[in-house]
Amino acid sequence: MSPLLSVRNLRVDFPTRSGMFEAVRGVGFDLGRERLGVVGESGSGKTMAGRAILGLVRPPGKVTAERMELGGESILNLPESRMRRLRGSRISMVMQDPKFSLNPVMTVGRQIMEGYRLHTGESRAAARDKALEMLRAVQIRDPERVFDAYPHEVSGGMGQRIMIAMMLAPDPEILIADEPTSALDVSVRNEVLRILDRLVGARGMGLIFISHDLNLVAQFCDRVLIMYAGRVVEELPARDLHAARHPYTQGLLNSLPRLDRPVERLAVLRRQQGWRDAPPEGAA
Amino acid sequence: MVQPDMTGQPGRGTPPPAGGVPSARAARLRRRARSLGGLVLSLALTLLGLLLVTFVIGRVMPIDPVLKVVGERATQAQYEAARIAMGLDKPLWQQFLLYMGEVLRGDFGRSISTGHPVAQDLRRVFPATVELASLGTLIGVCVGVPLGVVAAARRGGWIDQIARVVALVGYSMPIFWLGLMGLLLFYGILGWVGGPGRQGIIYDGMVPTVTGLILVDSLIAGDWAAFRDAFSHIVLPASLLGYFSLAYISRMTRSFMLEQLSAEYVVTARVKGLSERRVIWGHAFRNILVPLITVIALSFGSLLEGSVLTEIVFSWPGIGQYITKALLAGDMNAVLGGTVVVGTCFVALNLLSDILYRLLDPRAK
Ligand SMILES: Nc1ncnc2c1ncn2[C@@H]1O[C@H](COP(=O)(O)OP(=O)(O)O)[C@@H](O)[C@H]1O
Ligand SMILES: [Mg+2]
Chain B
135 MSPLLSVRNL RVDFPTRSGM FEAVRGVGFD LGRERLGVVG ESGSGKTMAG
185 RAILGLVRPP GKVTAERMEL GGESILNLPE SRMRRLRGSR ISMVMQDPKF
235 SLNPVMTVGR QIMEGYRLHT GESRAAARDK ALEMLRAVQI RDPERVFDAY
285 PHEVSGGMGQ RIMIAMMLAP DPEILIADEP TSALDVSVRN EVLRILDRLV
335 GARGMGLIFI SHDLNLVAQF CDRVLIMYAG RVVEELPARD LHAARHPYTQ
385 GLLNSLPRLD RPVERLAVLR RQQGWRDAPP EGAA
Chain Z
19 MVQPDMTGQP GRGTPPPAGG VPSARAARLR RRARSLGGLV LSLALTLLGL
69 LLVTFVIGRV MPIDPVLKVV GERATQAQYE AARIAMGLDK PLWQQFLLYM
119 GEVLRGDFGR SISTGHPVAQ DLRRVFPATV ELASLGTLIG VCVGVPLGVV
169 AAARRGGWID QIARVVALVG YSMPIFWLGL MGLLLFYGIL GWVGGPGRQG
219 IIYDGMVPTV TGLILVDSLI AGDWAAFRDA FSHIVLPASL LGYFSLAYIS
269 RMTRSFMLEQ LSAEYVVTAR VKGLSERRVI WGHAFRNILV PLITVIALSF
319 GSLLEGSVLT EIVFSWPGIG QYITKALLAG DMNAVLGGTV VVGTCFVALN
369 LLSDILYRLL DPRAK
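Protein chains in written order, with this note's numbering: chain B, 135 to 418; chain Z, 19 to 383.
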């Protein structure tokens with residue numbers, strides 16, 4: 135079976151005064167109906183890689199790739215009008231902070247209905263029913279009230295659930311979740327993750343879960359890509375993470391506190407110049 | 019303290035919420051009504067301040083109002099009698115209360131240069147200015163807002179460059195020079211527009227005054243010839259003011275839009291698959307409406323008080339010209355009356371943009 139999404143040698147460049155800045159330098163992976171974690175420190179190009187897949191890198195940024203296929207069809211250099219039809223309906227994205235990623239002057243209901251109606255052409259009434267159904271699906275108890283609320287009137291955890299409801303309403307095959315819980319209170323993170331996991335699992339979607347939290351990704355995902363300086367340095371099943379071979383991954387693991395193996399001092403990650411360009415470890 | 023209830027009908031158009039729980043919309047309306055009460059109070063205080071300032075200016079001016087009335091050759095007794103008749107012998111606070119009472123009744127005294135009550139003069143000149151400023155602002159909004167939005171959406175593109183030049187010229191060109199050149203070209207050489215003044219001589223006083231805005235009055239009267247004539251007179255000065263208003267409005271629109279277009283919710287809108295037009299107008303533009311309204315109100319206000327040069331170049335019988343002439347003639351009643359009217363308009367514009375802000379921005383407390 136061909137993968138939902140297949141990416142090879144994806145690059146994102148930004149021209150700067152001091153030459154090209156390479157934000158993503160040759161990322162490649164296949165995504166099936168699974169939860170793929172993407173981990174890396176801040177600035178390692180995770181967000182840019184996700185946006186490049188959606189065709190949302192704005193000029194002067196430049197995206198190139200050897201291959202970028204959605205369900206076996208190339209989406210590389212697709213004209214904007216065709217790309218728009220895929221966006222939201224086949225690939226969607228949940229962003230980091232619902233405080234900023236929801237439009238402050240539009241009611242929650244309108245924002246959910248908007249994308250759904252665009253891609254399905256349904257009537258207002260049907261879209262309203264769908265929006266309420268989605269709000270219930272993300273376990274919002276009072277969907278009618280929330281439907282009419284503005285984003286500033288809901289909490290962060292609820293905002294992110296609204297975001298998930300909005301992005302899943304048109305039934306995409308792939309969801310890119312870009313640090314979806316990083317901006318939330320610790321107390322609601324697990325709840326949001328559980329909802330995301332259940333919905334994505336029930337629909338048989340492919341999930342790209344971007345995070346800088348190795349522990350979280352290890353628990354939540356099936357497979358993990360480790361990114362460093364715009365590249366994938368290692369790719370391995372989440373359950374084999376402890377057996378990681380790349381020194382960067384090992385460094386990340388060692389710098390995490392562990393209950394079962396307490397240490398006097400946590401190790402400090404020492405980066406090495408060679409990591410930037412060495413070929414990736416693991417499956418490739 | 020008075021807290022007028024301005025809700026009208028809370029939750030109009032929404033079905034009554036189930037189970038007695040107040041709907042989010044009704045709660046929002048109530049919150050806003052309460053804050054409107056405070057707003058009205060603060061406005062009343064602002065107006066009081068305006069009256070106080072004009073009153074003080076009237077008293078400290080080195081112009082003797084009594085002398086202006088009785089003339090240089092009056093006897094001491096005549097002078098004293100006039101002074102008492104004008105209430106100038108009373109303590110200052112009583113004078114202020116009297117002044118306030120008169121202003122509130124719309125009585126600004128008599129203008130010594132026109133010989134008419136100032137209020138009557140203002141009813142004639144103020145609509146002329148309002149008509150000119152409204153049309154100018156209309157042009158400024160209709161051209162400046164789309165120009166600013168497109169300039170921001172295509173930042174660095176050729177439309178952005180043109181918008182930049184247009185605004186720069188608007189900021190730096192002396193208005194009387196542009197006005198004279200415009201008259202020379204479009205009236206003198208091409209003959210496309212009417213000359214100075216509001217109307218051609220044959221139409222003067224032909225249209226019954228209803229609003230004082232000749233364009234509107236001639237439409238009400240159904241007099242097309244008068245409308246065309248008035249339009250041909252106003253189009254040039256209004257375009258000139260419109261150009262200055264456009265320069266300001268387009269720059270502000272552009273910078274508001276640039277700020278919004280870099281916001282995360284814009285990425286969200288794109289992720290949904292919306293067209294760029296819907297992203298810009300349906301999402302980003304809705305978020306600049308509130309500051310934009312304030313900018314438009316300010317621009318309109320500045321055209322109301324600041325179009326003196328335009329009015330002089332085009333012999334436009336408006337309030338700017340009226341106040342300037344009165345000032346040069348030492349006609350304090352006319353100056354203060356005109357100032358109170360313009361000041362009140364400013365306050366009213368502020369109130370209007372505040373109310374719109376509360377209605378349009380769901381985050382307004
Ligand atoms: N518009 C841009 N111009 C230049 N560099 C950019 C731009 N946007 C992002 N970058 C750079 O690209 C790199 C990758 O960023 P990002 O993908 O956001 O990292 P991550 O999501 O892993 O934290 C960062 O170093 C960032 O500074
Ligand atoms: Mg990021």
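Built from N, CA and C at the ideal position, the CB exists for glycine as well.
Computed from a predicted model, the values in this text were never measured in an experiment.
Asked	Found
Test: Z/T286 CB closer than 8 Å to a CB of chain B	yes
Inter-residue Cα distance where the pair is Z/F126 and Z/G355	6 Å
Alpha-carbon spacing of Z/T362 relative to Z/V71, whole angstroms	13 Å
Buried versus exposed, by CB contacts within 10 Å (16 or more), Z/F318	buried
Rounded separation between Z/R77 and Z/L106 - CA only	10 Å
Cβ pair B/D312, B/Q406 closer than 8 Å	no
Expected contact under 8 Å - CB spacing of B/R167 and B/L138 to nearest Å	7 Å
Same chain only: Cβ atoms within 7 Å of B/M268, ignoring 5 sequence neighbours per side	I246, A299, L302, A303
CB contact check: B/V197 to chain Z, cutoff 8 Å	no
Cα-Cα separation between B/M292 and B/E278, rounded to whole angstroms	14 Å
B/T150 in three-state terms, based on DSSP	strand
Straight-line Cα distance separating Z/A151 from Z/S236	18 Å
Heavy atoms of ligand 1 versus C-beta positions, residues under 6 Å	B/F148, B/F155, B/A157, B/G174, B/S176, B/G177, B/S178, B/G179, B/K180, B/T181, B/M182, B/G195
Bridge partners - B/M227, DSSP secondary structure assignment	B/I310
Three-state secondary structure (DSSP) of Z/R77	helix
Sub-8 Å separation of Z/M270 and Z/V313 beta-carbons	yes
Beta-carbon neighbours of B/F234, restricted to chain Z and to distances below 7 Å	A281, E282, Y283
Within the segment 252 to 324 of chain Z, ranges of the alpha helix (DSSP H) (whole runs, at least 4 residues)	282 to 289, 303 to 324
Reduced DSSP category for B/R410 - H, G, I as helix; E, B as strand; rest coil	helix
Limits of the unbroken alpha helix (DSSP H) element including Z/G166	136 to 171
Separation of B/R258 from Z/L165, as counted between CA atoms	33 Å
8 Å Cβ cutoff, B/M339 in contact with chain Z	no
Contact test: B/D231 Cβ vs ligand 2 heavy atom, cutoff 7 Å	no
beta-carbon B/D312 near ligand 2 non-hydrogen atom, thresh 7 Å	yes
Expected contact under 8 Å - CB spacing of Z/A352 and Z/V136 to nearest Å	5 Å
Validate contact between the segment 310 to 329 of chain B and the segment 193 to 204 of chain B using beta carbons, cut 8 Å, 3 pairs	no
Touch test, the segment 334 to 345 of chain B against the segment 368 to 384 of chain B, Cβ-Cβ under 8 Å, three pairs minimum	no
Proximal residues of chain B, C-beta to C-beta of Z/S293 below 7 Å	R218
Residues bridged to B/P371 (per DSSP)	B/R357
Range covered by the beta strand (DSSP E) that runs through B/L204	201 to 204
Any alpha helix (DSSP H) of 4 or more consecutive residues that is wholly inside the segment 202 to 272 of chain B	214 to 220, 232 to 235, 242 to 254, 258 to 271
Proximal chain B residues relative to Z/G43, where beta-carbon distance stays under 8 Å	Note on residue identity: the sequence assigns Arg, not Gly, to residue 43 of chain Z. Chain B residues near Z/R43: D282.
Three-state class that DSSP yields for B/F163 in the structure shown	strand
Min CB distance Z/R173 to chain B below 8 Å	no
CB of Z/I373 within 8 Å of CB of Z/V359, strictly	no
Per DSSP, cross-strand counterpart(s) of B/L139	B/L165, B/L204
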